[in-house]
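Report on the structure given below.
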Amino acid sequence: MKEDPLQKAGDWFEGLSRLYGPRRVLSLATSLYRIICDKNDNWQAGAIATLIDLVGVAVIKVSFSDGDVKVVTVDFSVSYFSTIKIHEEVEIEAKLVGHKAKLSSALVEVRRKDNGELVASAKLWMTSADIKSSKL
Numbered sequence: 032m033k034e035d036p037l038q039k040a041g042d043w044f045e046g047l048s049r050l051y052g053p054r055r056v057l058s059l060a061t062s063l064y065r066i067i068c069d070k071n072d073n074w075q076a077g078a079i080a081t082l083i084d085l086v087g088v089a090v091i092k093v094s095f096s097d098g099d100v101k102v103v104t105v106d107f108s109v110s111y112f113s114t115i116k117i118h119e120e121v122e123i124e125a126k127l128v129g130h131k132a133k134l135s136s137a138l139v140e141v142r143r144k145d146n147g148e149l150v151a152s153a154k155l156w157m158t159s160a161d162i163k164s165s166k167l
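Take 32 as the starting number for the sequence shown in this note's numbering and just add one per residue.
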């Protein structure tokens, strides 16, 4: 039987824990599983980028009273400094840097929990999206 892609995606984030922080800052700790690792048991760069994007969206959504705001990432710049091994716990911190009109910017850092070493750093620019159904 074929594995459900939604279930597989849900398994990715099963390890997310301890989401906390003041308004405009989010911190969390996680260790993820084999499905997002390469043959050397390192997290895949794409998995780290996806997690960074999701946490960036989350910090923008919780920073505004209207939590139903829909945002779209329009610019994403990430730098990788180190690899992360399977089941290695990391801390992810996201900060809202600025907001003007429909444009928001967030900084996201991924660090090893045991020694605080920077693993990846990203800057995201997002805009609110007015989603309208097609008239076609």
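All C-beta atoms, glycine included, are put in the ideal place defined by N, C-alpha and C.
Short Cβ contact (9 Å threshold) for residue i with residue j
| i | j | result |
| --- | --- | --- |
| V141 | V121 | yes |
| V109 | I83 | yes |
| K92 | V100 | yes |
| K126 | T158 | no |
Residue closest to residue i, alpha-carbon to alpha-carbon, out of the options
| i | options | result |
| --- | --- | --- |
| F112 | W74, S136 and S165 | W74 |
| N71 | K116, V139 and L149 | K116 |
| G147 | A76, E119 and L85 | E119 |
Counterpart residues of residue i in DSSP-defined beta bridges
| i | result |
| --- | --- |
| S159 | V102 |
| S152 | S110 and E140 |
| N73 | K116 |
In chain order, which alpha helix (DSSP H) runs of at least 4 residues are fully inside the region 97-135?
With a minimum length of 4 residues, no continuous alpha helix (DSSP H) run stays inside the region 97-135.
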